[in-house]
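In the numbering used here, the protein residues as written are 6 to 105.
Using N, Cα and C, we set each Cβ at its ideal position, and we do this for glycine too.
Inspection log for the structure reproduced underneath, given as structure tokens.
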Amino acid sequence: MKQIDKKVADSYFRERVRLIVIFLIIWFIVSFGVVMFAESFKAMTFNGFPFHYFMGAQGAVVTFIILLFINAKVSDSIDKKYGISEEKNEQLSAGKALDH
6 MKQIDKKVAD SYFRERVRLI VIFLIIWFIV SFGVVMFAES FKAMTFNGFP FHYFMGAQGA
66 VVTFIILLFI NAKVSDSIDK KYGISEEKNE QLSAGKALDH
């Protein structure tokens, strides 16, 4: 198996951690930020519903699903940038694990 340079591995994980922190901040704002400021959002409406009600009922779930797709795309591009590919991983692990 090919040895990865420590600087490359550190920058890869730094970029991945930065991405995770960004997604956690977005998650916190969507989940708790709207609830904390529900009184201020009472006047706003979205699709005929008060904004804070819509975010609690549907908006947060839709945002999380969108974040999942964005995370997959951005993670794939980071993996390509650092030379990590699914095909290589499958070739390296072929015959070493049982497929269930």
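What does the alpha-carbon distance come out to for the pair residue i and residue j?
i: residue 64; j: residue 44; result: 17 Å
i: residue 27; j: residue 53; result: 30 Å
i: residue 78; j: residue 48; result: 36 Å
i: residue 30; j: residue 37; result: 10 Å
i: residue 40; j: residue 75; result: 24 Å
i: residue 115; j: residue 91; result: Examination of residue 115 is not possible in this model, given that the chain is present from 6 through 105 alone.
i: residue 55; j: residue 46; result: 8 Å
Which of the three DSSP states is assigned to residue i in this structure?
i: residue 18; result: helix
i: residue 46; result: helix
Taking the beta carbon of residue i as the centre, do at least 16 other beta carbons fall within 10 Å, making it buried, or is it exposed?
i: residue 59; result: buried
Return the Cβ separation of residue i and residue j in integer angstroms, given the expectation that the two are a contact with Cβ distance under 8 Å.
i: residue 21; j: residue 83; result: 6 Å
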